[in-house]
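Trainee:
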């Protein structure tokens, strides 16, 4: 993964993106003013609402996109199953705050899964599963969590954390079962396997959860309504406007510090540059890859939980993860696949193009609006980026030496 | 008119100038060797000639017409074929299939004729097989019998090299660019290759440019030798002269060796 | 053991063998026709429908394999091509009554102009009234299918062109994107006049899609074209692109042309499959063309073996079987039964793992993974036997077929990525066992493994010894290419 912008372009070329962005901003502002003059409805409040929604959506996509970009950076695999991991994260959160307390057998199983996840997280810092602290955490964790799961109703914050751990374990398992055996297989096989895993999770989700929409209304202060006025126009939203970007920011900063400051993080970056040489330098690339899956899945789970909060319900499991997954992947590519800040930038772009553009071309008596094309837009953008500038905004070029 | 004319060729990758103002010509029927230390840009020159890279500046002319900007398969159509430094055979396909594929570009039937196996297609297919067996025959009967239908991955390294050369010959090219044809071969196999290359020119009528490291091979077959270093041509001429050129010695062995040589020549 | 390889299937250059092959093929086709006739007569409707579906999906998988297997490009947009072919054929073949219904329906978005698009009107325009009668429905169907394929082929051209600049994963995503874009835009107002938006339109004649003869005829045609293409010079060029694109280019293969050619041909047959599929279903709707369809094709191709058309057909048979006869998997059983089934599956998986490791001589045989499986099996069985809450409830196996197929695909990718048949293709030479079962003496001398005194025949060993003596002559003589080696 890269963290720094490439500095090899000639000066005039470096300013080109900036000019393009300024140009786009100018166009947007002009359009906003035009709409404002056309209809009462299109006031500052309307656009602010759209802006807020775009930021929230972009943050959510960022959490998913980071998982894609990290995995691709190291093993050059588009993890098709990541969208489904996001879906499982959302549903796990749901099942942790709605039907707790569990019956004892279920509580034990869940406690084992959560503790395993916790042990893996602690292991990131302690180095090995056999470390006394890790083992201690494991022993205590199982007991404590079994009690917690069978005796109490879980609050939302605990449900998110628990879901992150459980989904992290899911990510690890997918890697272990499906991807590790194919480390030396041709690229196409790996991709097909990823698709198979994605399909498997979709249908297991359908089987295990439901085929209907699930309302997602936990009892949390984050959804408290928030009303304020902007330029005379009222804006009705809730505290998620703050919560989602803040949580995303915190997680992204945590991830970036992990990747820059810890030894394992450096190993991850080394493997992303050249896995073979990293292995020769003593890095356990399999461990690095497993860590990538763990962290990526945890972020996706957080994204899933907040997605549910944001939209108030969860779509049917077989389709919930597909579109956000593809859009997040598009975000990662647009920003520059393999780059962490790139994923965030790309996600914001996708979030804005989805929300803000629909606001800029709204439904009027004379125009049907472009909501129909909302989803196509991400695909089209993805294809355009892949054809015109496959390295993305921040990314580097990887071509073959003859 | 020379068969191949390379003029002031330049190519940079990012900040690195791989080829800097390289120019030479190859006349028909010649065997020209290109030598130089590792990283001197020898394979890059091949890539530039065959259209894998587009030169930043300079021209490449084949039989009088400029071929800069043409795609690799167009260059093959015109009559230039190459082998690769680290063997790029179609490993899961058989020897015969490998040598047939390089003839595909000369097929005059379209895909519909191929699907419906028209008589003209069948005729061309038979002719292609004959050409394939003939080219493989350059190396004796070893690749012509049962090995024809063996997938390349069971072949020994030397046999793979031979298959690759036969494949390049089968393209029907007039000019062959051989990139380190004797890499990985023992002395017996190397001398065999030397004979083969000479036979290719004498019997097959090919014009050959060879990138090589083994000086004995270079010495035995070259009509002319071109020396590259850091992307530039530093010497050209007969093998004997080039080998005693102080600049060349300096490139391979360092400044001191070069200076020693200059002293030696000055002393007469 | 050194591999004894017969000349590539379909390679019979010897004219006598060619005549024999053609005769045998005709014979086989005759037998096949008889079998189909019998099955149609005595088989249940379900069987006939399953066979028809096998043929239709066979057209799709064989054409998909042209790109995925022969060209080596992972294409995930096949359902998009089928959609185009399906909608085209569907619209062109809608009967008058259905058209009237749609015209008068309030919710439909189709216009009079678009509803006038039918093969009959087209033919009338050319003055071919005779071909618009009910008896000549089959002519109109053929035309509709062909036009569907043609439009899909055009889409294949559009999708194939970006393939020139992208590789591997990115290309797969782009093809997936195209597939989805096609489906998403088909429902928008840009095309809803032609597609009736999300409603789709029922009323496409099922006479041809459900007919064994039409579907198998289409399959035979597809297999003929694709296999003749694959085993021709063009097919070899495509395989070269798969093996090593740069080397292929360096050997004169026009990579761009062949990639696009592959996409166009594949898309054409996908369109044909789409038209037949629509006829099988009796109507057209957007959700008949989801990515799930391409996924099933992927399973079929990978399970059967991307290297051989016979394998692809075998894989298709498996997938169709699961789809048509997999209903028992998706019924409601008591949770106890489910747990026992789960337990049995896990135990079988553990046994399979142990068997696999024994066959491949991997140690330890009882890998910790097997222990996990055994533990799971035991746990499931225990809970099933003991937990009262579990014994009461029932559970519906929603989507079990898809789960089964995805697990199958994962298992195949991990354990046997070449698929069931790998690259083994059916051919009369193979069928008649024309391959030699032992190496010739020449092979023994020239093949290092076979020359090893530990194996091989006496003659071979003697010849090998002779060769070693000849090679001790270190002075490489003039013109020493080969005469010495014999």
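Residue numbers (the working numbering), protein chains in the order written: chain A, 45 to 446; chain B, 95 to 362; chain C, 868 to 1353. A virtual CB, placed ideally from N, CA and C, is assigned to each residue, including glycine. Since the model is a prediction, treat every value here as computed from it, not as a measurement.
1. Output the residue ranges of the alpha helix (DSSP H) runs that lie fully inside the stretch 958–991 of chain C and measure 4 residues or longer, sorted by chain position.
2. Short of 9 Å Cβ to Cβ, which residues in the stretch 326–357 of chain A face chain C?
3. For residue 222 (chain A), which residues in the same chain have their Cβ closer than 6 Å to its Cβ, ignoring the five residues on either side in sequence?
4. Please determine, among C:1116, C:1137, C:1053, the residue with the shortest C-alpha to C-alpha distance to residue 192 (chain B).
5. Distance check for residue 205 (chain A) and residue 180 (chain A), CA to CA, integer angstroms please.
6. For residue 324 (chain A), is the classification buried or exposed, using 16 other Cβ atoms within 10 angstroms of its Cβ as the cut-off for buried?
7. Under 7 Å, CB to CB, which of the residues in the stretch 221–242 of chain A have a partner in chain C?
8. Leaving out five residues on either side along the sequence, give the residues of the same chain with a beta carbon under 7 Å from the beta carbon of residue 287 (chain A).
9. Once the 5 residues before and after residue 1233 (chain C) are set aside, which same chain residues still bring their CB inside 7 Å of it?
10. How many Å lie between residue 146 (chain B) and residue 902 (chain C) at the Cα?
11. Candidates C:1266, C:1207, C:1019, C:1014: which alpha carbon is nearest residue 255 (chain A)'s?
12. Output yes or no for whether 8 Å exceeds the beta carbon distance between residue 960 (chain C) and residue 1140 (chain C).
13. Could you confirm whether any beta carbon from chain B is found closer than 8 Å to the beta carbon of residue 1110 (chain C)?
14. May I have the straight-line CA-CA distance separating residue 1273 (chain C) from residue 244 (chain A), to the nearest angstrom?
15. Between residue 169 (chain B) and residue 161 (chain B), is the Cβ-Cβ spacing less than 8 Å?
16. Determine the extent of the alpha helix (DSSP H) in which residue 128 (chain B) is found, giving its start and end residues.
17. Just checking: is the beta-carbon of residue 1176 (chain C) within a distance shorter than 8 Å of some beta-carbon in chain B?
18. Please list the residues of the stretch 121–150 of chain B that have a C-beta atom closer than 7 Å to any C-beta atom in chain C, keeping them in chain order.
19. Counting only the same chain and skipping the five closest in sequence on each side, list residues whose C-beta sits under 8 Å from that of residue 1245 (chain C).
20. Within 10 angstroms of the Cβ of residue 1145 (chain C), are there 16 or more other Cβ atoms? Answer buried if so, exposed if not.
21. Of the residues that make up the stretch 1025–1037 of chain C, which ones have a beta carbon closer than 8 Å to any beta carbon in chain A?
22. What are the uninterrupted segments assigned as alpha helix (DSSP H) that are 4 or more residues long and contained completely in the stretch 1147–1215 of chain C, given in chain order?
23. Does the stretch 211–223 of chain B come within contact of the stretch 243–256 of chain B, defined as at least 3 CB pairs closer than 8 Å?
24. When DSSP builds the beta bridges, which residues end up paired with residue 1032 (chain C)?
25. Given a cut-off of 8 Å on the beta-carbon distance, is the pair residue 309 (chain A) and residue 380 (chain A) in contact?
26. Just tell me which of C:1293, C:1112, C:1208, C:1138 has its CA closest to the CA of residue 183 (chain B).
27. Distance check for residue 306 (chain B) and residue 345 (chain B), CA to CA, integer angstroms please.
28. Excluding the five sequence neighbours on either side, which residues of its own chain have a C-beta within less than 7 Å of the C-beta of residue 130 (chain A), listed in chain order?
29. Going by the CB atoms, is the gap between residue 919 (chain C) and residue 1077 (chain C) shorter than 8 Å?
30. Please list the partners that residue 285 (chain A) has in chain C, where partner means a Cβ-to-Cβ separation under 8 Å.
31. Nearest CA to the CA of residue 200 (chain B): which residue from B:315, B:247, B:235, B:266?
32. What residues in the stretch 259–276 of chain B have a beta carbon less than 8 Å from any beta carbon of chain C?
33. Given this structure, state the Cα-to-Cα distance separating residue 999 (chain C) from residue 984 (chain C), to the nearest angstrom.
34. According to the neighbour-count rule (16 or more other Cβ atoms, all chains shown, within 10 Å of its Cβ), is residue 877 (chain C) buried or exposed?
35. Just list the alpha helix (DSSP H) runs in the stretch 276–346 of chain A, keeping only unbroken ones of 4 residues or longer that don't cross its boundaries, in chain order.
36. May I ask which residues mark the beginning and end of the alpha helix (DSSP H) holding residue 126 (chain A)?
Mentor: Let me spell this out:
1. Those alpha helix (DSSP H) runs which fall completely within the stretch 958–991 of chain C and span 4+ residues are 963–971, 979–982.
2. Here the close residues number zero.
3. Answer for residue 222 (chain A): 237, 241, listed in chain order.
4. Per the Cα distances, C:1116.
5. In this structure, the straight-line span from the alpha carbon of residue 180 (chain A) to that of residue 205 (chain A) is close to 20 Å.
6. Taking all protein chains shown into account, residue 324 (chain A) has fewer than 16 neighbouring C-beta atoms within 10 Å of its C-beta and is therefore exposed.
7. Here the close residues are 222, 225, 226, 229, 231, 232, 233, 235, 236, 237, 239, 240, 241.
8. Once the five neighbours on either side are set aside, the close Cβ partners of residue 287 (chain A) are 266.
9. These residues qualify, in order along the chain: 1221.
10. Computed Cα separation, rounded: 55 Å.
11. Among C:1266, C:1207, C:1019, C:1014, the Cα nearest to that of residue 255 (chain A) is on C:1266.
12. Cβ atoms of residue 960 (chain C) and residue 1140 (chain C): not closer than 8 Å.
13. By this cut-off, residue 1110 (chain C) is an interface position.
14. Across the structure, residue 1273 (chain C) and residue 244 (chain A) are spaced so that their CA atoms are roughly 5 Å apart.
15. Taking a C-beta distance under 8 Å as the contact criterion, residue 169 (chain B) and residue 161 (chain B) qualify as a contact pair.
16. For residue 128 (chain B), no alpha helix (DSSP H) encloses it; the enclosing beta strand (DSSP E) starts and ends at 125–129.
17. Interface annotation, residue 1176 (chain C): not in contact with chain B, CB-CB separation never under 8 Å.
18. The residues in question are 144.
19. Counting only Cβ-Cβ distances below 8 Å, and skipping sequence neighbours, we find 1210.
20. Classified as buried, residue 1145 (chain C) has 16 or more neighbouring CB atoms from the shown chains inside 10 Å of its CB.
21. For the stretch 1025–1037 of chain C, which is checked against every Cβ of chain A, the residues closer than 8 Å are 1029, 1032, 1033, 1035, 1036, 1037.
22. Segments of the alpha helix (DSSP H) lying fully in the stretch 1147–1215 of chain C: 1158–1171, 1176–1192.
23. No, they do not touch.
24. In DSSP, residue 1032 (chain C) forms no bridge with anything.
25. At the C-beta level, residue 309 (chain A) and residue 380 (chain A) stay beyond 8 Å of one another.
26. Closest by alpha carbon: C:1112.
27. When the Cα atoms are used, residue 345 (chain B) and residue 306 (chain B) turn out to be separated by approximately 16 Å.
28. Cβ neighbours of residue 130 (chain A) beyond the five flanking positions: 108, 344, 347, 348, 365, 368, 369.
29. Less than 8 Å separates the beta-carbon of residue 1077 (chain C) from that of residue 919 (chain C).
30. Within 8 Å of the CB of residue 285 (chain A), no CB atom of chain C is found; the nearest one sits about 29 Å away.
31. The residue from B:315, B:247, B:235, B:266 with its alpha-carbon nearest to that of residue 200 (chain B) is B:266.
32. Answer in chain order: 261, 262, 265.
33. Roughly 14 Å separates the two Cα atoms.
34. Confidence is the limiting factor: at residue 877 (chain C) the pLDDT is only 45, short of 50, which leaves the residue's position unreliable and the question unanswerable from this model.
35. As for any alpha helix (DSSP H) of minimum length 4 sitting wholly inside the stretch 276–346 of chain A, the runs are 284–305, 307–317, 319–324, ordered along the chain.
36. Per DSSP, residue 126 (chain A) belongs to the alpha helix (DSSP H) from 126–141.
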